[in-house]
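Worksheet: the structure to be examined is printed underneath.
Protein chains: 2
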Amino acid sequence: MNVSEFRKRGKEMVDYMANYLEGIEGRQVYPDVEPGYLRPLIPPTAPQEPDTYEDIISDIEKIIMPGVTHWHSPYFFAYFPTASSYPAMLADMLCGAIGCIGFSWAASPACTELETVMMDWLGKMLELPEAFLAGKSGEGGGVIQGSASEATLVALLAARTKVTRQLQADSPELTQAAIMEKLVAYSSDQVVATLGTTTCCSFDNLLEVGPICNKGNLWLHIDAAYAGSAFICPEFRHLLNGVEFADSFNFNPHKWLLVNFDCSAMWVKKRTDLTGAFKLDPLYLKHSHESSGLITDYRHWQLPLGRRFRSLKMWFVFRIYGVKGLQAHIRKHVRLAHEFESLVLQDPRFEICAEVILGLVCFRLKGSNKLNEALLQRIGSAKKIHLVPCHLRDKFVLRFAICSRTVELAHVQLAWEHIRELASDLLRAEKE
Amino acid sequence: MNVSEFRKRGKEMVDYMANYLEGIEGRQVYPDVEPGYLRPLIPPTAPQEPDTYEDIISDIEKIIMPGVTHWHSPYFFAYFPTASSYPAMLADMLCGAIGCIGFSWAASPACTELETVMMDWLGKMLELPEAFLAGKSGEGGGVIQGSASEATLVALLAARTKVTRQLQADSPELTQAAIMEKLVAYSSDQVVATLGTTTCCSFDNLLEVGPICNKGNLWLHIDAAYAGSAFICPEFRHLLNGVEFADSFNFNPHKWLLVNFDCSAMWVKKRTDLTGAFKLDPLYLKHSHESSGLITDYRHWQLPLGRRFRSLKMWFVFRIYGVKGLQAHIRKHVRLAHEFESLVLQDPRFEICAEVILGLVCFRLKGSNKLNEALLQRIGSAKKIHLVPCHLRDKFVLRFAICSRTVELAHVQLAWEHIRELASDLLRAEKE
Chain X
75 MNVSEFRKRG
85 KEMVDYMANY
95 LEGIEGRQVY
105 PDVEPGYLRP
115 LIPPTAPQEP
125 DTYEDIISDI
135 EKIIMPGVTH
145 WHSPYFFAYF
155 PTASSYPAML
165 ADMLCGAIGC
175 IGFSWAASPA
185 CTELETVMMD
195 WLGKMLELPE
205 AFLAGKSGEG
215 GGVIQGSASE
225 ATLVALLAAR
235 TKVTRQLQAD
245 SPELTQAAIM
255 EKLVAYSSDQ
265 VVATLGTTTC
275 CSFDNLLEVG
285 PICNKGNLWL
295 HIDAAYAGSA
305 FICPEFRHLL
315 NGVEFADSFN
325 FNPHKWLLVN
335 FDCSAMWVKK
345 RTDLTGAFKL
355 DPLYLKHSHE
365 SSGLITDYRH
375 WQLPLGRRFR
385 SLKMWFVFRI
395 YGVKGLQAHI
405 RKHVRLAHEF
415 ESLVLQDPRF
425 EICAEVILGL
435 VCFRLKGSNK
445 LNEALLQRIG
455 SAKKIHLVPC
465 HLRDKFVLRF
475 AICSRTVELA
485 HVQLAWEHIR
495 ELASDLLRAE
505 KE
Chain S
75 MNVSEFRKRG
85 KEMVDYMANY
95 LEGIEGRQVY
105 PDVEPGYLRP
115 LIPPTAPQEP
125 DTYEDIISDI
135 EKIIMPGVTH
145 WHSPYFFAYF
155 PTASSYPAML
165 ADMLCGAIGC
175 IGFSWAASPA
185 CTELETVMMD
195 WLGKMLELPE
205 AFLAGKSGEG
215 GGVIQGSASE
225 ATLVALLAAR
235 TKVTRQLQAD
245 SPELTQAAIM
255 EKLVAYSSDQ
265 VVATLGTTTC
275 CSFDNLLEVG
285 PICNKGNLWL
295 HIDAAYAGSA
305 FICPEFRHLL
315 NGVEFADSFN
325 FNPHKWLLVN
335 FDCSAMWVKK
345 RTDLTGAFKL
355 DPLYLKHSHE
365 SSGLITDYRH
375 WQLPLGRRFR
385 SLKMWFVFRI
395 YGVKGLQAHI
405 RKHVRLAHEF
415 ESLVLQDPRF
425 EICAEVILGL
435 VCFRLKGSNK
445 LNEALLQRIG
455 SAKKIHLVPC
465 HLRDKFVLRF
475 AICSRTVELA
485 HVQLAWEHIR
495 ELASDLLRAE
505 KE
């Protein structure tokens with residue numbers, strides 16, 4: 075494919091993307107396919123000679139779309155949101171064309187420097203303590219990881235390296251195995267200190283946990299994967315109080331802040347804790363500015379060596395929406411969650427199972443787990459909306475998460491009417 | 075930004091991408107900026123109110139491009155190639171619009187199933203042993219990881235879990251620490267068994283290492299991050315002989331197979347070795363097909379929970395190029411490396427430092443390391459081409475890697491003329 079064909083096909087693809095997202099409400103949110111549906115639809119081996127582009131495009135609607143769960147449908151209320159916005163898509167296109175790999179400052183200075191500054195922008199939006207910001211000469215700073223799991227693992231490895239070195243310095247006679255036996259990681263039943271759990275969006279009390287960690291010289295990592303985006307609104311910022319006790323903090327703009335996956339934001343107070351754990355310095359990655367102390371080589375901050383120019387997405391999104399636009403997006407989702415909550419509360423057959431703080435409502439039919447499993451099964455079979463369950467203290471609970479950027483009150487009301495009808499059918503069938 | 079503005083801006087962006095790549099030869103391959111250049115050029119905080127799109131676009135040339143190392147310039151000969159092709163960019167655009175997160179089969183069946191089949195396609199292109207393929211009912215299969223480092227870590231953790239469980243079963247009296255002390259990982263000075271090292275593209279002898287590992291019941295992971303792509307050509311396939319002894323194998327189509335970053339291909343013979351190590355099953359991720367044994371939930375195959383629809387890139391690239399087109403790409407790069415090698419050999423002042431097998435030429439001026447460091451410094455200052463050094467048995471060596479998809483013989487010849495001139499200047503200056 076030469077550049078002039080790319081111009082043509084690229085513009086057609088932009089229209090396909092626009093049509094897909096504009097018309098997504100008309101697609102069934104959850105697909106009909108059964109496991110193994112795809113393999114028989116395509117050849118068993120790659121073609122020797124090129125296929126035509128037209129063939130590929132027509133296969134998208136024939137082969138791919140029938141198996142897609144439409145995460146951006148306004149009838150998708152499952153899991154947590156995954157971000158989608160036009161500015162982020164435009165930035166990702168640019169990222170694809172530049173196609174640089176930003177493992178060191180020299181590998182593409184703009185890639186590293188925009189990331190550092192964007193992480194400062196975002197940190198300031200959240201009112202993170204100054205110690206987490208890079209600024210011109212700070213000891214802390216931010217880095218984009220691929221996922222919250224990666225951020226947690228990076229924090230864990232950094233903490234382990236730090237503690238191991240302290241133990242080795244204090245007691246040089248200890249063997250590696252003896253040191254390993256001394257290491258302890260504390261976690262709750264949702265793992266590490268969490269702001270906004272996936273199950274029910276509950277919050278750990280950092281003002282209690284934080285001082286204990288600091289006193290015991292324990293590394294405190296805070297994971298606010300979903301909830302973190304809300305902290306850009308002053309009315310939710312108090313949920314982050316206590317972050318000043320943490321060594322590292324992480325949340326996913328790719329969930330709720332309109333920056334398409336992947337973009338997991340992680341900050342540390344001491345960047346040397348990370349670079350000390352991950353430093354990798356073969357000659358072919360060295361460059362002349364390295365010893366200046368002025369530069370950041372992000373390969374020392376993460377597990378993979380390679381990294382895309384992901385900060386472009388943040389830059390486009392933050393500038394096109396402005397902080398106020400981002401706040402409006404968060405507030406709309408929280409408002410819709412409360413609208414759904416009040417609809418549930420108006421029906422005495424249902425109960426709310428956890429305090430609605432952000433965009434997630436945990437609810438169930440009053441009655442047995444079996445009854446609620448049956449309700450979820452009916453919702454799943456009807457495929458008009460998509461949601462998933464969770465367990466809360468042995469209760470089987472339905473999770474209604476406000477997800478789509480384009481979801482409106484009307485969709486939430488329709489979803490609720492649909493759930494009510496299915497519940498009525500179910501309760502009628504149970505009586506018979 | 076609404077959908078109609080996206081249509082307009084998206085098409086402009088396609089033209090920007092096309093213009094950038096069409097005109098990349100005219101840009102200086104390595105930037106002039108100094109560390110810290112970017113921060114003063116942009117505001118210290120995100121804007122409260124939206125910026126205009128025009129402002130952002132004009133900032134790309136003003137702020138970003140001056141700090142970009144142009145990896146796709148035909149004068150970029152540093153590191154190893156990172157893939158860039160128009161079909162991959164188109165697929166990535168589609169991936170951005172669909173925006174699904176494929177952590178389980180149900181989260182988007184097409185995302186999981188296309189990946190499994192594409193990994194089979196690719197495995198067959200490489201003539202991997204049948205045991206590594208998923209097929210309809212195989213025990214093995216492939217998965218796309220973000221990077222070779224991730225693949226190595228996944229293999230290491232899977233191996234550790236497997237061995238630990240065996241030890242626990244054989245000797246239930248052993249403590250965790252005692253087990254940890256028994257675990258051994260063998261590696262060469264380039265880490266794990268490697269086909270095509272980054273330093274000089276050397277190859278471990280799998281036919282020697284493999285049987286030893288199998289006999290000792292050791293997990294053998296093979297990393298062919300760069301070289302793996304070449305194995306789609308029959309004339310290079312012998313370099314992969316011995317892969318039949320491995321438990322896991324990995325290479326990066328995002329390096330040399332025209333599939334834009336990130337796309338690191340990993341295969342295992344026993345998928346249960348991975349899923350046993352990483353299984354994560356909260357209720358909100360369960361789905362009705364889970365217990366059928368028919369489906370793949372890729373979250374159990376990797377460290378992160380989330381994953382993009384990356385197999386679309388493979389599908390587009392494999393079909394638009396066809397296997398023959400991909401082979402032609404590899405062969406052109408190898409041919410250009412040999413052209414460069416023969417140019418070097420014609421100049422008695424220079425020597426070749428490692429056998430040229432694929433697309434990398436390691437060379438140096440006959441003489442001291444200091445002399446070669448000075449040559450590299452002159453190349454770096456001139457900024458007409460970009461390359462990086464390595465150490466080979468205490469010798470400071472220059473690496474000339476064929477990288478860009480669009481590099482032609484003329485670029486290689488120009489690069490060599492340039493290097494020769496700088497060497498002449500240097501040798502003249504040394505004499506004076």
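If you're matching them up, the sequences are chains X and S in order. Just so you know, we're using the numbering used here here: the first sequence kicks off at 75 and counts up by one. Just so you know, we're using the numbering used here here: the second sequence kicks off at 75 and counts up by one. In this text, a Cβ means the ideal position worked out from N, Cα and C, and glycines have one as well. The structure presented is a predicted model; accordingly, all values stated were derived computationally and were not measured.
Short of 8 Å in beta carbon distance, which residues of its chain neighbour S/Tyr127, apart from the five on each side in sequence? Order them along the chain. Contacts found: Met75, Glu79, Arg83.
Contact check, S/Gly454 vs S/Lys343, beta carbons under 8 Å: Cβ distance not < 8 Å, so S/Gly454 and S/Lys343 don't count as in contact.
Kindly list the residues whose CB is nearer than 6 Å to the CB of X/Gly302, restricted to its own chain and excluding five residues on each side of it in sequence; keep chain order. Only Phe325 meet the Cβ criterion.
Given that X/Trp375 touches chain S, what residues does it touch there, using C-beta distances under 7 Å? Result: empty, since nearest Cβ-Cβ is about 13 Å, beyond 7 Å.
Classify S/His295 as helix, strand or coil using the three-state DSSP reduction. Residue state for S/His295 is assigned as strand, using DSSP reduced to three classes.
Where does X/Gln219 land, buried or exposed, given buried means 16+ other C-beta within 10 angstroms? Classification for X/Gln219: buried.
Counting only C-beta atoms, is X/Phe80 closer than 8 Å to chain C at any point? You won't find chain C in this structure, because its protein chains are X and S.
Under three-state DSSP, which class holds S/Asn334? Correct three-state label for S/Asn334: coil.
Along the chain, which unbroken stretches of the beta strand (DSSP E) at least 3 residues long are found entirely within the region 173-227 of chain X? If only uninterrupted beta strand (DSSP E) runs of at least 3 residues are considered, those enclosed by the region 173-227 of chain X are 215-219.
Which residue comes first and which comes last in the alpha helix (DSSP H) that contains X/Leu496? For X/Leu496, the enclosing alpha helix (DSSP H) stretches over residues 483-505.
Do X/Val486 and X/Leu410 count as a contact pair if the criterion is CB distance below 8 Å? Taking 8 Å as the Cβ cut-off, X/Leu410 and X/Val486 qualify as a contacting pair.
Shorter than 7 Å, the distance from the beta carbon of S/Met139 to the closest heavy atom of the ligand ATP, or not? Absent from the structure shown: the ligand ATP. Ligands present: none.
If we cut at 8 Å on Cβ distances, does X/Ala251 have a partner in chain S? So yes, X/Ala251 belongs to the interface.
Only counting the same chain, and skipping five residues up and downstream in sequence, which positions put a Cβ closer than 8 Å to that of X/Leu507? There is simply no residue 507 of chain X to check, as chain X begins at 75 and stops at 506 in what is shown.
Validate contact between the region 286-298 of chain X and the region 189-199 of chain X using beta carbons, cut 8 Å, 3 pairs: No: fewer than three Cβ pairs fall under 8 Å.
Please list the partners that S/Pro161 has in chain X, where partner means a Cβ-to-Cβ separation under 7 Å. Ordered by position in chain X, the residues that pass the 7 Å Cβ test against S/Pro161 are Met75.
Reduced DSSP secondary structure (H/G/I, E/B, other) of S/Leu112: Residue state, collapsed to three classes: coil.
Chain X contacts from the region 268-282 of chain S (Cβ-Cβ distance under 8 Å): The residues in question are Thr272, Thr273.
Between X/Phe323 and X/Met340, what straight-line distance do the alpha-carbon atoms span, to the nearest angstrom? The C-alpha of X/Phe323 lies about 6 Å from the C-alpha of X/Met340.
If we count the other Cβ atoms within 10 Å of its Cβ and call it buried at 16 or more, is X/Asp166 buried or exposed? So X/Asp166 counts as buried.
Which one of S/Gly100, S/Gly396, S/Asn443 has the shortest CA to CA distance from S/Arg467? The residue among S/Gly100, S/Gly396, S/Asn443 with its C-alpha nearest the C-alpha of S/Arg467 is S/Asn443.
Applying the criterion that 16 or more other CB atoms from any shown protein chain within 10 Å of the CB defines a buried residue, is S/Lys440 buried or exposed? By the neighbour-count rule (16 or more Cβ atoms within 10 Å), S/Lys440 is not buried but exposed.
Note down the Cα distance separating S/Pro378 from S/His328, rounded to an integer number of angstroms. A direct Cα-to-Cα measurement between S/Pro378 and S/His328 gives close to 19 Å.
Report yes or no: is there a C-beta of chain S within less than 8 Å of the C-beta of X/Ala411? Interface residue (Cβ-Cβ distance to chain S less than 8 Å): X/Ala411 is not classified as such.
Counting only beta-carbon separations shorter than 8 Å, does X/Val142 have a partner in chain S? With 8 Å as the cut-off, X/Val142 counts as an interface residue toward chain S.
Taking just the CA atoms, how far does X/Gly380 sit from X/Leu188? Roughly 16 Å between the two C-alpha positions.
Which residues of chain X have a Cβ atom closer than 8 Å to the Cβ of S/Lys210, listed in chain order? Contact of S/Lys210 with chain X by beta-carbon distance below 8 Å involves Gly110, Arg113.
Return yes when the Cβ of S/Val107 is within less than 8 Å of the Cβ of X/Pro183, no when it is not. Yes, these two residues count as a Cβ contact at 8 Å.
Which residue comes first and which comes last in the alpha helix (DSSP H) that contains X/Lys398? Run containing X/Lys398: 385-419, per the alpha helix (DSSP H) assignment.
On the CB-based measure, 16 or more other CB atoms within 10 Å of its CB, does X/His374 come out buried or exposed? Buried is the call here.
Are the CB atoms of S/Phe383 and S/Gly176 within a distance shorter than 8 Å? Contact flag set, yes.
Cα-Cα separation, X/Ile43 to X/Trp145: In the structure displayed, chain X extends from 75 to 506; residue 43 of chain X sits before or after that span and is not available.
DSSP state of S/Asn446, grouped into three classes? Helix.
So, under 8 Å CB-CB, S/Leu508 and S/Arg452 are touching, yes? Tell me the CB distance rounded to an integer number of Å. Residue 508 of chain S lies beyond the residue range present for chain S, which begins at 75 and ends at 506; the question has no answer from this structure.
Using 8 Å as the limit for Cβ to Cβ distance, is S/Tyr127 near chain X? S/Tyr127 counts as touching chain X.
For S/Glu415, collect the residues of the same chain with a Cβ closer than 7 Å to its Cβ; drop the 5 residues on either side in sequence, then sort them by chain order. Within the same chain, S/Glu415 has close Cβ partners Ile426, Val430, Val435.
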